[in-house]
Amino acid sequence: MITMKKVKFSFHNVRLSKKLLIMYIFSVLIPIVLTNIIFYTVTINNVKQQQIHDSQLALNQISDDFGKIIDDAVGISSSLYTNTNINLFLERDYPSDVDYVDDYDTYLRTFNQSSPINPSINSIRFYTDNPTIIYSGGVYPLTEEVKKLTWYKQLMKTNNTSPIVLNSMIDNQTSTFSIIRKLDYFNFNNKQKIVKIEINPATIEKIFKNVTFKGDVYLLNDKGQIEYSTKKDLAWREKPIPFTHISKSNKTVFLNSTDLDQAYLQNWKVVGTLSEKTMLNTVNKSGRFILYLAFINIIIPTIIIILINRSFLRRLQRIFGHVKKMGDQNFEKIPDPEYTDEIGILTSEFNRMVRKIEELIQDVFMANIQKQEMEIKRNRAQLSALQSQINPHFLFNALETIRMRSLMKEEIETANIIHNMAKIFRNSLTWGKDMVTVRSEANLVVSFLEIQKYRFGEKLEYEIDIDEAAEQCMIPNMALQPFVENASIHGIEPLKGNGKISVKVTVNQDILTCIVMDNGVGMPEDKKEQILYSLENEDEMGKSVGIKNVFYRLKLYYSDQFRFYVDSEKEKGTIVTIKIPYKTSIIDKKIEISQNKLYFPK
Numbered sequence: 137m138i139t140m141k142k143v144k145f146s147f148h149n150v151r152l153s154k155k156l157l158i159m160y161i162f163s164v165l166i167p168i169v170l171t172n173i174i175f176y177t178v179t180i181n182n183v184k185q186q187q188i189h190d191s192q193l194a195l196n197q198i199s200d201d202f203g204k205i206i207d208d209a210v211g212i213s214s215s216l217y218t219n220t221n222i223n224l225f226l227e228r229d230y231p232s233d234v235d236y237v238d239d240y241d242t243y244l245r246t247f248n249q250s251s252p253i254n255p256s257i258n259s260i261r262f263y264t265d266n267p268t269i270i271y272s273g274g275v276y277p278l279t280e281e282v283k284k285l286t287w288y289k290q291l292m293k294t295n296n297t298s299p300i301v302l303n304s305m306i307d308n309q310t311s312t313f314s315i316i317r318k319l320d321y322f323n324f325n326n327k328q329k330i331v332k333i334e335i336n337p338a339t340i341e342k343i344f345k346n347v348t349f350k351g352d353v354y355l356l357n358d359k360g361q362i363e364y365s366t367k368k369d370l371a372w373r374e375k376p377i378p379f380t381h382i383s384k385s386n387k388t389v390f391l392n393s394t395d396l397d398q399a400y401l402q403n404w405k406v407v408g409t410l411s412e413k414t415m416l417n418t419v420n421k422s423g424r425f426i427l428y429l430a431f432i433n434i435i436i437p438t439i440i441i442i443l444i445n446r447s448f449l450r451r452l453q454r455i456f457g458h459v460k461k462m463g464d465q466n467f468e469k470i471p472d473p474e475y476t477d478e479i480g481i482l483t484s485e486f487n488r489m490v491r492k493i494e495e496l497i498q499d500v501f502m503a504n505i506q507k508q509e510m511e512i513k514r515n516r517a518q519l520s521a522l523q524s525q526i527n528p529h530f531l532f533n534a535l536e537t538i539r540m541r542s543l544m545k546e547e548i549e550t551a552n553i554i555h556n557m558a559k560i561f562r563n564s565l566t567w568g569k570d571m572v573t574v575r576s577e578a579n580l581v582v583s584f585l586e587i588q589k590y591r592f593g594e595k596l597e598y599e600i601d602i603d604e605a606a607e608q609c610m611i612p613n614m615a616l617q618p619f620v621e622n623a624s625i626h627g628i629e630p631l632k633g634n635g636k637i638s639v640k641v642t643v644n645q646d647i648l649t650c651i652v653m654d655n656g657v658g659m660p661e662d663k664k665e666q667i668l669y670s671l672e673n674e675d676e677m678g679k680s681v682g683i684k685n686v687f688y689r690l691k692l693y694y695s696d697q698f699r700f701y702v703d704s705e706k707e708k709g710t711i712v713t714i715k716i717p718y719k720t721s722i723i724d725k726k727i728e729i730s731q732n733k734l735y736f737p738k
């Protein structure tokens with residue numbers, strides 16, 4: 137069963153740029169946006185409510201003005217209703233036209249002149265069935281045509297003495313309101329008398345087209361029918377239209393004024409409708425101002441935060457980049473000016489640390505150079521000691537052997553032996569030559585083995601096998617000869633029977649492999665381990681001078697680019713294997729070996 141390890145969330149694992157973004161979103165952007173949205177919503181609602189309140193006041197003003205106009209007209213009708221002279225003037229039978237004209241001038245004309253001028257009144261008409269009256273000057277007969285009119289029929293249906301208010305047409309395009317009343321106050325009512333007072337249409341239009349009300353106004357009678365409206369596309373003059381038939385949109389606000397309190401206008405009311413679009417024309421002006429303010433509130437803090445973020449994020453990223461370069465041993469200083477904020481102090485401290493590291497590296501580098509120079513001098517001294525140790529001893533034994541055999545018999549091969557000794561001696565004298573070709577080293581090994589074969593006779597055999605591609609490869613001088621000498625002295629010489637030394641040099645995948653093998657007495661495992669341990673720990677020369685000398689020189693030239701193996705088994709022989717990079721040019725000890733590591737198979 138695979139168990140998933142729960143990863144505990146921590147803000148310490150969130151990148152700084154994301155932390156700043158989160159802080160900006162939740163501490164700046166969201167609060168500002170929410171605040172502006174709430175402020176916008178509240179302001180818009182307040183503006184809408186104020187619009188509705190102002191419209192309601194305007195609608196109440198329309199209702200009050202209309203009621204006042206009607207009251208003025210009703211007041212005039214009441215004065216006529218109780219005026220004795222006017223009633224007698226309309227009631228009297230006139231024997232002649234002259235008598236009527238005299239009474240007209242006395243009563244009706246005098247009344248018109250004495251009455252105050254009221255601009256809201258369009259006309260005052262008297263209707264009577266008195267046949268002795270001349271119908272002119274505001275006096276009209278009650279003909280059959282008049283009795284068929286709607287206002288006459290409605291007036292006859294009323295039994296009270298109150299006037300009635302009706303919407304009447306002056307012409308096909310103009311309508312107004314009329315106050316109609318029976319003149320039956322006195323008991324001498326032998327004739328039918330009616331007064332009809334018409335309101336000035338301009339006054340009605342001025343009242344209902346209130347500039348402070350931005351919608352449509354409807355005057356409704358007690359049956360809910362439209363008596364007057366400011367809506368242009370509504371045919372309310374042609375036929376009665378119930379207000380309930382008006383199309384109502386979800387975006388329309390309805391406003392009702394209080395019912396008109398006059399007895400003759402009982403249950404009449406003024407209704408207004410407002411389109412939200414009309415209201416929002418004013419609201420949008422406030423809304424745009426709020427949006428501009430919100431835009432400023434968001435943009436300015438955002439710009440400031442971006443500038444602040446760039447002030448330290450870019451510098452932190454630059455510091456981080458230089459810290460990563462330090463991992464690649466690139467100790468580059470940050471070229472920023474020395475600012476006094478925390479990041480500036482961090483930058484200054486970083487540059488100071490880089491200077492310290494460079495100074496330490498320089499000190500360590502110089503110390504290492506001095507150490508390497510001392511090591512080189514030490515190795516050269518050891519090589520000189522080895523040279524002085526090996527050559528005299530070897531030459532002494534060789535010369536002694538030649539001397540003894542020369543006393544016993546004369547042989548032509550003595551010249552060859554002396555020749556080989558001369559080559560070895562010459563190589564010893566030219567020790568300053570650090571690198572030689574494999575072919576030169578092989579010739580030196582052959583000279584040595586020929587001398588040893590001369591000493592041991594048939595007891596020693598040798599075999600040299602060198603790849604043609606390896607002959608010009610450069611290797612350290614006397615890199616193979618000490619191992620051949622060890623194989624001869626320590627491997628073959630103590631052997632009771634015959635022995636063989638084999639030297640093989642091959643090239644494979646840019647790796648030069650040198651093998652020195654013998655079938656001598658070999659060495660025990662503990663001795664082999666002791667030799668390898670002393671090589672790895674760089675002990676003093678002591679014993680195994682030749683092996684250590686070669687190993688240290690290989691390490692000096694190739695660093696960790698070489699491999700060295702020793703395989704030995706008692707009574708079976710020893711195999712020494714060296715693997716180094718294939719080079720056809722001289723290696724300078726002061727030039728660092730390439731950092732591209734070579735693969736050496738086991």
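Residues in the sequence shown are numbered from 137 upward in steps of one, following our numbering. The beta carbon of each residue, even a glycine, is placed where N, CA and C say it ideally should be.
Under the criterion of beta carbons closer than 8 Å, I455 and L429 do not qualify as touching, at roughly 40 Å. If only uninterrupted alpha helix (DSSP H) runs of at least 4 residues are considered, those enclosed by the segment 189-255 are 220-227, 233-239 and 245-250. Under the criterion of beta carbons closer than 8 Å, F619 and V712 qualify as touching, at roughly 5 Å.
Residue burial annotation: H381 is exposed, with fewer than 16 other C-beta atoms found within 10 angstroms of its C-beta. The residues G658, in chain order, have a CB closer than 6 Å to that of E705 in the same chain once the five nearest residues on each side in sequence are set aside.
In the structure shown, Q187 falls within a helical segment according to DSSP collapsed to helix, strand and coil.
One thing to note: N613 has its Cβ within 8 Å of the Cβ of M571.
Between G709 and N655 a beta carbon distance of about 4 Å is seen, short of the 8 Å cut, so the two are scored as contacting. Look at I269 here: in three-state DSSP terms it is coil, with no helix or strand label. Contact between the segment 194-204 and the segment 292-302 is absent: fewer than 3 CB-CB pairs across the two stretches fall below 8 Å.
If you compare the alpha carbons of D464, R491, D477 and G463 with that of I470, the shortest gap goes to R491. Here I340 is near Y364, since their CB atoms are less than 8 Å apart. For N433 against I168, the beta-carbon gap comes to about 5 Å, under 8 Å, which counts as contact.
In chain order, A615 and P618 place their CB closer than 6 Å to the CB of V686, counting only its own chain and leaving out the 5 sequence neighbours on each side. For V652, the enclosing beta strand (DSSP E) stretches over residues I647 to D654.
Here the alpha carbon of H458 sits roughly 52 Å from the alpha carbon of K640.
Contact between the segment 341-353 and the segment 200-213 is established, with three or more Cβ pairs separated by less than 8 Å. The shortest C-alpha to C-alpha distance from T279 to any of I333, T220, D265 and A605 is the one to D265.
By the beta-carbon neighbour count (other beta carbons within 10 angstroms, threshold 16), P255 is exposed.
With a cutoff of 8 Å on beta-carbon distance, I257 and A194 are scored as not near each other. Judged by DSSP in its simplified three-state form, L668 adopts helix. From the listed residues I161, I647 and G274, the smallest Cα separation to M610 is found for I647.
A straight-line Cα-Cα distance of about 31 Å links M305 and R228. For the segment 335-412, the full-length alpha helix (DSSP H) segments reaching 4 residues or more read 337-344 along the chain. Y263: member of the beta strand (DSSP E) spanning I257 to T264, first to last residue.
Residues of the same chain with a CB within less than 7 Å of the CB of F225, apart from the 5 flanking positions on each side, are D239, Y243 and L244 in chain order. If you compare the alpha carbons of N325, V234, F425 and Q361 with that of V183, the shortest gap goes to F425. Counting along the chain, G633 sits inside no alpha helix (DSSP H), nor does DSSP assign it H or E at all. Note on geometry: alpha-carbon atoms of W372 and I161 lie some 59 Å from one another.
Between the alpha carbons of D369 and Y354 lies a distance of about 13 Å. DSSP places K329 in the strand class (E or B) of the three-state scheme. Taking all protein chains in view, the Cβ of V150 is surrounded by fewer than 16 other Cβ atoms within 10 Å, so the residue is classified as exposed.
In the DSSP assignment, V275 falls outside any alpha helix (DSSP H) and lies within the beta strand (DSSP E) extending over V275 to P277. The C-beta distance from K329 to L319 rounds to 4 Å, short enough to meet the 8 Å contact threshold. Distances from the alpha-carbon of V275 to those of E495, I260 and V574 put I260 closest. When the alpha-carbon of I512 is set against those of N673, L690, F486 and K664, the nearest one is in L690.
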